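Student: With the first letter of the sequence shown counted as 1, position 81 gets the number 66 in my numbering; the numbers rise by one all the way through.
Here's a structure for you.
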Amino acid sequence: MHQMDRITTNPSIFGGKPIVRGRRLAVEHVLGMLAAGDTIETILEGYDWLEREDVLACIEYARRAVGHERIDPALDAGESAA
-14 MHQMDRITTN
-4 PSIFGGKPIV
6 RGRRLAVEHV
16 LGMLAAGDTI
26 ETILEGYDWL
36 EREDVLACIE
46 YARRAVGHER
56 IDPALDAGES
66 AA
């Protein structure tokens, strides 16, 4: 899985904001936890399905957004079980 493939959107989840692997965890929430001082390990402890690469993908997404690079998260039209 390519790192940015972990970031998706779904119009029915958080109004189409970028989310992690189609789940109900917004990229902005992960970034907020990091900004508040949480470590990647702490974040992973709170979400048993989350992988280190997911958090790194959130950081990469933010880097691209700040750099005004084109970002095309995959559209995930299906609801996830989580």
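Yeah, the Cβ is synthetic: ideal placement off N, Cα and C, and Gly gets one too.
This one's a predicted model, so the numbers in the text were calculated from it and none came from an experiment.
If you draw a straight line from the alpha carbon of Arg37 to that of Leu29, how long is it in whole angstroms?
Tutor: 7 Å
Student: If you reduce the DSSP assignment to three classes, tell me which class Ile(-8) lands in.
Tutor: For Ile(-8), the secondary structure class from DSSP, reduced to helix, strand or coil, is strand.
Student: Is the beta carbon of Asp61 less than 8 Å from the beta carbon of Gly7?
Tutor: yes
Student: Helix, strand or coil, according to DSSP, for Cys21 in the structure here?
Tutor: Just to set this straight, residue 21 is Ala in the shown sequence, not Cys. Correct three-state label for Ala21: coil.
Student: Starting from Glu38 and walking both ways along the alpha helix (DSSP H), at which residues does that stretch end?
Tutor: Arg37 to Val51
Student: Quick check: the Cα distance between Thr(-7) and Pro3, rounded to an integer number of angstroms?
Tutor: 6 Å
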